Amino acid sequence: KEFGEISLKDIDQIARTSFPLCMRHLFEKLREEHHLKHGGRMQLGLFLKGVGLKLDDALAFWKAEFAQKVGAERFDKEYAYNDYTPYSCQKIISSTPGVGDHHGCPYRHFSEENLRAALARMGVSSRTMEDVLDKVRNRHYQLACTLTFEAVHGSPCDTGINHPNQYFIDSQKILQS
Ligand code: SF4
C-alpha cells in the first residue's frame, strides 16, 4: 500500500500512531477547541499537506473544525498556504509560541509536567521518559524526539528526527512493513 496519501477517515488513527508530538498536540487541540491560532494553523496545515492529505480532504477537515467559530469564506482565504513548505524541526524549535498558542516543539516549549503527561499518553515507559527528559535538559530536542520515536515504534531511527514529515514517513514505513 502506498503511504503517499492519507484520507480523512483514517486521520485520527494515523495521528495517534504516526504524528510526532508537535503535530499530535496541535491536532488534538484543534479537535478539542475547533480553533487554532495562526501559528498553529500554519504548522499543522503545512504538515498535513506534506503527509499527503488530499487537498479536498484537507479543506473538508479544516472547514468541519472551523465552521463553529469562523465562516467558511474566511476560512477559504486563510487556507492559501500553497506556496509554503512544511516546517522543519529547527524552524519549529526556534519559534516562540505565546499564550494560547499550541504550535512549537513540545520538547522545547512544554513544561516538564506537561511533557511527562504527553509522553505517558503516547505510551512511553517511565524509564525511557527519564532518557528523553535528560536530552531535553541538555537542549537536544530532536534527540529527545528521536528517542520517543524509537520507543513508540520499537525500532531504531538511525538518521535521527530532523523534520516532522520525516517522522511521519519513517513511522508509516515501519507500521506498513
Ligand atoms: Fe516536532 Fe521536530 Fe519537535 Fe519532534 S523534534 S516534536 S518532529 S518539532
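With the UniProt record's numbering as the guide, the letters of the sequence shown map in order to residues 258 to 434.
Ideal placement from N, C-alpha and C gives every residue a C-beta, glycine not left out.
As the structure is a computational prediction, the values presented were derived from the model and not from experiment.
Per DSSP, what kind of secondary structure is residue i in: helix, strand or coil?
i: Ile-271; result: helix
i: Arg-396; result: coil
i: Cys-279; result: helix
i: Pro-413; result: coil
i: Leu-287; result: helix
i: Asn-419; result: coil
i: Ser-428; result: helix
i: His-292; result: coil
i: Thr-385; result: helix
i: Thr-403; result: helix
i: Ser-434; result: coil
Quickly, what does DSSP pair residue i with across the bridge? List them, please.
i: Ile-263; result: Leu-310
Please classify residue i: is it buried, with 16 or more other beta-carbons within 10 angstroms of its beta-carbon, or exposed?
i: Ala-374; result: exposed
i: Asn-422; result: buried
i: residue 435; result: No answer is possible for residue 435: the residues shown for the chain start at 258 and end at 434.
i: Arg-365; result: buried
i: His-295; result: exposed
i: Gln-399; result: buried
i: residue 257; result: Here the chain has residues from 258 to 434 only, and residue 257 is not among them.
i: Val-308; result: buried
i: Arg-396; result: exposed
i: Asp-427; result: buried
i: Tyr-341; result: exposed
i: Thr-353; result: exposed
i: Arg-281; result: buried
Measuring only from the beta carbon, is residue i closer than 6 Å to any heavy atom that is part of the ligand SF4?
i: Cys-279; result: yes
i: Cys-414; result: no
i: Pro-354; result: no
i: Gln-300; result: no
i: Pro-343; result: no
i: Ile-426; result: no
i: Ile-271; result: no
i: Ile-431; result: no
i: Asp-399; result: For the record, residue 399 in the displayed sequence is Gln; it is not Asp. Because some heavy atom of the ligand SF4 lies under 6 Å away, the Cβ of Gln-399 counts as near it: yes.
i: Ile-349; result: yes
I want to see whether chain B comes within less than 7 Å of residue i, judged by CB atoms only; does it?
i: Met-386; result: In summary, chain B is missing from the structure at hand, where a single protein chain is found.
For the segment 344-383, which segments carrying the alpha helix (DSSP H) assignment without a break, of at least 4 residues, lie completely within its bounds, in sequence order? Counting only runs of 4 or more, we get 346-350, 363-366 and 369-378.
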